[in-house]
Amino acid sequence: MAHKLARGVRLRREADGSTLLLVPEGIVELNEPAAAALALANGSRSTDEIVAALAEQFDDPDGTLRADVQALLADLAERGFVTS
Amino acid sequence: MNAVAVAPPRSLLCELTYRCNLQCPYCYNPLDLGRPKEELTGEEWLSAIDQATALGVVQVGFSGGEPTLRPKELIAMTRRATERGAYTNLITQGTFLDDALLDALLDAGLAHVQISIQAPERELAAEIAGTDVHERKVETLRRVATRDVALTLNCVLHRLNHDSLPDVLAFAEREGIRRLELANVQFYGWAYRNRGALMPSRDQVMRGEELVAAARERLRGRMDITYVLPDYFEELPKPCMHGWGQLALTVTPDGRVLPCPAATSITTLAFPNVRESTIEDAWYASDAFVRYRGTAWMPEPCRSCDRKEIDFGGCRCQAFLLTGDGAATDPACAKSDRHDLVAAYRDASPERDWSPRRPEPAAR
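Top to bottom, those sequences are chains A and B. Just so you know, the first sequence maps onto residues 1 to 84 in the working numbering. Just so you know, the second sequence maps onto residues 1001 to 1364 in the working numbering.
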């Protein structure tokens, strides 16, 4: 199941390096791993593939990366900002 | 000065024109339009967008009146806001959003369209809007739904259409709507004048809440439903605008810069105008923005209330409309010593007949 941003949902990189998710009349501030996960959600990667790519960029000392990515994608899917 | 740092604005609402071909009795246009003042030119609008995005605005909305009555400016503004990295929202009643305009707006980068209906069926919609355009709106809705843009369906709820809420939900589901906004009418502008005709009954409001809760459960993951309660029916005021001058600003068709789309109701405030002031000065230094920013202006019971950073004393416009004092505690709050003003209208609306006064229609 590949994930991508829904119609009219956009990532915006700020000058300070942070990333915003811009949605209809709303702004969601993303932390770095969440921003990286959504940048990878281009319609061709499954959850496994997104997690694998993130594991190369971020340390995962507590082993929560997979659960965090799943929770992020599930939350945004329920709100209609990500399609799967 | 030992002031707390003021955060920059994040959101700009551009009201392109007060003109509209509909005559909804809850229109939030000001009542006292008199002779319409000269509308901002396209160049003036582009400058406002440049200034606002330079300050920190990342959300730009286009509304009115009906913004598609100025298609050329709307397209140019959408393009400019997109080039400046902002997200763009078109708030329209949809009667003029044909394929050619839609193509041009999407090419310019438009991200989100919100289309309003007055009711789930033609006859009632025409009675509310004062003109028979429901079917054109539905056609527009269907065309937008097939395009690469976010879509929200909006319906303002009031006494006359509240009992149609199940049909609004069914209509939205049938049309495959992903985002549905059900906004109980808020009493400003024309809606304030027409309170007697528009005020829903407590029974309608509570039944609405139950219907929406059930629909949310059933449609979880398929439809996002916003149900904005009318604050006359709540014991706590709404956190209006997330605080005065905290996040958002509005520019009116004639260039006034407002902390809230309804702020012209506060007739004792003088608003800066983009023809005479920069948006930066308006935001950081004008009396209209500074007056109710933060918590220092608050009277009791707000001043010592543990919710003052949560609801910011409620709505300044409502406080002014009901009490004549923009700094008063919002009478929607049960702690307000003028809560009786809200309760009186809510519980014993004097003239619950459907004979609202309406704004003048404008031809295209």
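Don't be surprised by glycine CBs; every beta carbon is placed ideally from N, CA and C. It should be emphasised that the depicted structure is a prediction, and the values quoted were computed from it without experimental measurement.
- Query: Of all Cβ atoms in chain B, is any one closer than 8 Å to the Cβ of residue 80 (chain A)?
  - Reply: yes
- Item | Near-chain A residues of the segment 1048 to 1068 of chain B - C-beta to any C-beta below 8 Å | 1058, 1059, 1061
- Query: Measuring CA to CA, which of B:1313, B:1302, B:1289 is closest to residue 1006 (chain B)?
  - Reply: B:1289
- Span of the alpha helix (DSSP H) holding residue 1115 (chain B)? Per DSSP, residue 1115 (chain B) belongs to no alpha helix (DSSP H); it is in the beta strand (DSSP E), 1112 to 1117.
- Message: Does residue 1150 (chain B) come out as helix, strand or coil in the three-state DSSP assignment?
- Response: strand
- Item | Test item: CB-CB of residue 1131 (chain B) and residue 1029 (chain B) under 8 Å | no
- Message: For residue 22 (chain A), would you say it is in contact with chain B, using Cβ-to-Cβ distances shorter than 8 Å as the test?
- Response: yes
- Message: 8 Å is my cut-off, CB to CB: does residue 50 (chain A) come that close to chain B?
- Response: no
- Query: Taking Cβ-Cβ distances below 8 Å as the criterion, which residues of the segment 3 to 16 of chain A are in contact with chain B?
  - Reply: 6, 7, 8, 9, 10, 12
- May I have a chain-ordered list of the alpha helix (DSSP H) segments no shorter than 4 residues that lie completely inside the segment 1284 to 1345 of chain B? 1287 to 1290, 1308 to 1311, 1316 to 1323
- Item | DSSP three-state assignment for residue 1134 (chain B), whether helix, strand or coil | helix
- With residue 1145 (chain B) and residue 1112 (chain B) assumed to form a contact (beta carbons below 8 Å), what rounded beta-carbon distance in angstroms separates them? Going by Cβ atoms, the distance from residue 1145 (chain B) to residue 1112 (chain B) rounds to 13 Å, so no, they are not a contact pair.
- Message: For the beta strand (DSSP E) containing residue 1040 (chain B), name the first residue and the last one.
- Response: Careful: residue 1040 (chain B) lies outside any beta strand (DSSP E) and carries neither H nor E.
- Message: DSSP three-state label for residue 1158 (chain B), please.
- Response: coil
- Bounding residues of the beta strand (DSSP E) (the contiguous stretch that carries residue 4 (chain A)): 2 to 5
- Message: Using only the alpha-carbon positions, how far apart do residue 1293 (chain B) and residue 1137 (chain B) sit?
- Response: 39 Å
- In the DSSP assignment, find the alpha helix (DSSP H) that holds residue 12 (chain A) and state where it starts and stops. It is not in any alpha helix (DSSP H) - residue 12 (chain A) instead sits in the beta strand (DSSP E) that spans 10 to 13.
- Message: According to DSSP, simplified to helix, strand and coil, what is residue 79 (chain A)?
- Response: coil
- Step through the CB atoms of chain A and report whether any lies within less than 8 Å of the CB of residue 1089 (chain B). yes
- Message: Once the 5 residues before and after residue 1186 (chain B) are set aside, which same chain residues still bring their CB inside 6 Å of it?
- Response: none
- Express the C-alpha separation of residue 1175 (chain B) and residue 1142 (chain B) in angstroms, rounding to a whole number. 7 Å
- Message: To the nearest angstrom, how far is the alpha carbon of residue 1325 (chain B) from that of residue 1012 (chain B)?
- Response: 26 Å
- chain B beta carbons: is any one of them nearer than 8 Å to that of residue 34 (chain A)? no
- Under the assumption that residue 1312 (chain B) contacts residue 1245 (chain B) (Cβ atoms under 8 Å), give the Cβ distance between them as a whole number of angstroms. Contact doesn't hold; Cβ gap of about 10 Å is too wide.
- Tell me the DSSP bridge mates of residue 1075 (chain B)? In DSSP, residue 1075 (chain B) forms no bridge with anything.
- Which partner residues does residue 29 (chain A) have in the DSSP bridge list? A:20
- Neighbour flag for residue 1112 (chain B) against chain A, beta carbons, 8 Å: yes
- Item | Burial state of residue 1300 (chain B) (16 or more Cβ within 10 Å) | exposed
- In angstroms with no decimal places, state the Cα-to-Cα distance between residue 1124 (chain B) and residue 1118 (chain B). 8 Å
- Message: Between the segment 1259 to 1277 of chain B and the segment 1223 to 1236 of chain B, can you find at least three pairs of beta-carbon atoms closer than 8 Å?
- Response: no
- Task: Specify, as a first and last residue, the run of the beta strand (DSSP E) that residue 1251 (chain B) falls within.
- Result: 1248 to 1251
- Straight-line gap, residue 1062 (chain B) to residue 1253 (chain B) (C-alpha atoms, nearest Å): 11 Å
- Message: So if DSSP puts residue 1061 (chain B) in a beta bridge, which residue, or which two residues, is it bridged to?
- Response: B:1013, B:1089
- Item | Close beta carbons around residue 1106 (chain B), own chain, < 8 Å, minus the five adjacent residues each side | 1147, 1148, 1149
- Would a check of beta-carbon distances place residue 25 (chain A) closer than 8 Å to chain B? yes
- Message: I'd like to know if residue 77 (chain A) contacts chain B, where contact means its C-beta is closer than 8 Å to some C-beta of that chain.
- Response: yes
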